[in-house]
Amino acid sequence: IDSEDDLLQECISSAMPKKK
Amino acid sequence: PDSPLARWTKSLHSLLGDQDGAYLFRTFLEREQCVDTLDFWFACNGFRQMNLKDTKTLRVAKAIYKRYIENNCIVSKQLKPATKTYIRDSIKKQQIDSIMFDQAQTEIQTVMEENAYQMFLTSDIYLEYV
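These protein sequence lines are chains C and A, in that order.
All residue numbers for the first sequence refer to my numbering, where the first residue is 3 and numbers rise by one.
All residue numbers for the second sequence refer to my numbering, where the first residue is 262 and numbers rise by one.
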């Protein structure tokens with residue numbers, strides 16, 4: 003199971019803009 | 262006229278939609294010790310895209326609440342008490358909704374637009390990049 007911190011980090015990263 | 266830099270000065274939204282802009286703004290906020298506000302803003306966007314049927318979504322909502330709202334960090338300090346109560350109650354009742362952090366995100370965004378964003382546009386980090 004992912005830790006809470008990992009889940010949060012994953013959530014933040016998913017919303018960060020990606021290189022075009 | 263449509264250079265990245267022209268877009269950055271247009272609005273906070275345009276700045277955060279650009280990868281270089283978002284990373285530079287993040288560096289600036291780290292230095293100002295308020296990077297939590299930006300991470301929270303992105304966490305809200307990420308949360309909105311999550312599938313409510315996924316059990317992970319409740320865990321993420323709890324993680325956001327614990328990290329940014331429950332304690333006395335900069336995000337929590339900038340939120341209205343009613344907004345925090347609403348989120349706390351939603352989590353307590355396990356009533357998870359895609360828009361449950363929207364009001365909080367708007368409040369944080371307004372503070373960022375009025376303060377950090379304006380400061381960023383006159384900061385040496387920004388000017389050196391330009």
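Glycine included, C-beta positions come from ideal geometry on N, C-alpha and C.
Beta-carbon separation (whole angstroms), residue i vs residue j, contact threshold 8 Å
i: A/Ile-352; j: A/Ala-324; result: With a Cβ gap of about 10 Å, A/Ile-352 and A/Ala-324 do not count as contacting.
i: A/Arg-328; j: A/Ser-359; result: Not confirmed; about 19 Å, so no contact.
i: A/Tyr-326; j: A/Arg-349; result: 7 Å
Unbroken alpha helix (DSSP H) run spanning residue i, endpoints
i: A/Gln-339; result: 335–339
i: A/Gln-310; result: Here A/Gln-310 belongs to no alpha helix (DSSP H), and DSSP marks it neither H nor E.
i: A/Ser-351; result: 342–353
i: A/Met-380; result: 377–381
i: A/Tyr-390; result: 385–390
i: C/Ile-14; result: 6–17
i: A/Gly-282; result: 280–292
i: A/Ser-275; result: 273–277
i: A/Arg-320; result: 316–325
Candidates the options, of which the one nearest residue i by Cα
i: A/Cys-334; options: A/Leu-299, A/Tyr-390, A/Met-361; result: A/Leu-299
i: A/Gln-356; options: A/Leu-277, A/Lys-314, A/Pro-342; result: A/Lys-314
i: C/Glu-12; options: A/Phe-286, A/Pro-265, A/Cys-305; result: A/Cys-305
i: C/Ser-5; options: A/Pro-265, A/Ile-369, A/Arg-320, A/Asp-350; result: A/Arg-320
i: A/Gln-364; options: A/Ser-337, A/Asn-312, A/Tyr-390; result: A/Ser-337
i: C/Ser-15; options: A/Met-311, A/Leu-382, A/Tyr-347, A/Glu-374; result: A/Met-311
i: A/Trp-302; options: A/Asn-332, A/Tyr-387, A/Gln-339; result: A/Gln-339
i: A/Met-361; options: A/Ala-343, A/Trp-269, A/Asn-332; result: A/Ala-343
i: A/Leu-388; options: A/Leu-273, A/Gln-294, A/Tyr-347, A/Phe-286; result: A/Phe-286
Closer than 8 Å at the beta carbon, the chain C residues around residue i
i: A/Asp-279; result: Pro-19
i: A/Arg-349; result: By Cβ distance, chain C contributes nothing, its closest Cβ being about 17 Å from A/Arg-349, past 8 Å.
i: A/Gln-310; result: Ser-16, Ala-17
Interface residues of chain C facing residue i [CB-CB closer than 7 Å]
i: A/Lys-317; result: Leu-9
Chain C residues whose Cβ lies nearer than 9 Å to that of residue i
i: A/Arg-392; result: One cannot answer for residue 392 of chain A here, as it falls past the ends of chain A, which runs 262 to 391.
Within 8 Å of chain C by C-beta, residues of the stretch 323–337 of chain A in sequence order: Lys-323, Ala-324, Ile-325, Lys-327, Arg-328
Proximal residues, the stretch 281–308 of chain A versus chain C, C-beta separation under 7 Å: Ala-283, Asp-300, Phe-303, Ala-304, Asn-306, Gly-307, Phe-308
Where the stretch 357–391 of chain A meets chain C: residues whose CB sits under 8 Å from a CB there: none
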